[in-house]
Amino acid sequence: MALSFSAAITRLETLLAIDDFTVWAGEPAIPAKKVAAWWYTGPSENSLIAETLTDHPYAERITCRFYWSVGQRGKAPSRALELDVQSVTRTFIASLEADRDLAASVEILTIEDGDTGWLAVDNAWWRISTIPLAIGFT
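With the working numbering, the residue at position 71 of the sequence shown is 1526, and numbering never jumps.
Dropping the structure here:
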């Protein structure tokens, strides 16, 4: 398979399809259910691949985010929710680590430091886990 941003996204969407998450392209406004989304965040330098006279490495940055709708956040945190956030995040990262070239569609994939948090929109709450990526090409 040739190196291709489109092929990389196709493979990434396959890896995002964990459990009962719906996969969306683009950052969702207000997800109504468990959603795994990705969106393009821009180009960057690719310092992991050496530049040569014929190869000019570059990277494309992508943000991946998992959303759990929790309705109101007034109650105590849910242990089950926190365990699910950790488990889904680890499952996704492990699948990326096992497929660093996204089925031979990129030269290299870098998993950047992610974070988890909360998103509030119109008095509704979501638990989120964000994993930024850089996918490298020559």
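C-beta atoms are modelled at their ideal positions from N, C-alpha and C, and glycine is treated no differently.
What you are looking at is a predicted structure, and each value in this text was computed from that prediction instead of being measured.
Note down the Cα distance separating residue 1481 from residue 1494, rounded to an integer number of angstroms.
Translated into positions along the sequence shown, residue 1481 becomes position 26. Translated into positions along the sequence shown, residue 1494 becomes position 39. Going by the C-alpha atoms only, they are around 5 Å apart.
Can you find at least 3 beta carbon pairs, one from the stretch 1521–1541 and one from the stretch 1569–1582, that sit closer than 8 Å?
yes
Rounded to the nearest angstrom, what separates residue 1583 and residue 1547 at their Cα positions?
For this step, residue 1583 is matched to residue 128 along the sequence shown. For this step, residue 1547 is matched to residue 92 along the sequence shown. If I take the Cα positions, the gap works out to 14 Å.
Nearest-angstrom beta carbon gap, residue 1458 and residue 1592 [assumed within contact, 8 Å]
Position 137 of the sequence shown, counted from the start, is the residue given in the question as residue 1592. Position 3 of the sequence shown, counted from the start, is the residue given in the question as residue 1458. That belief holds up - the Cβ atoms of residue 1592 and residue 1458 are roughly 5 Å apart, short of 8 Å.
Hey, out of 1487, 1491, 1559, whose CA is closest to residue 1586's CA?
The sequence position of residue 1586 within the sequence shown is 131, counting from 1. The option with the nearest alpha carbon to residue 1586 is 1491.
Return the CA-CA distance between residue 1576 and residue 1525, expressed in angstroms with no decimal places.
The residue given as residue 1576 occupies position 121 in the sequence shown. The residue given as residue 1525 occupies position 70 in the sequence shown. Those two C-alpha atoms are separated by around 12 Å.
Quick check on DSSP: helix, strand or coil for residue 1468?
Reading the sequence shown from its first residue, position 13 is the one you call residue 1468. Helix, per DSSP.
What would DSSP say about residue 1561, mapped onto helix, strand or coil?
Locating residue 1561 in the sequence shown gives position 106, where the first residue counts as 1. Correct three-state label for residue 1561: coil.
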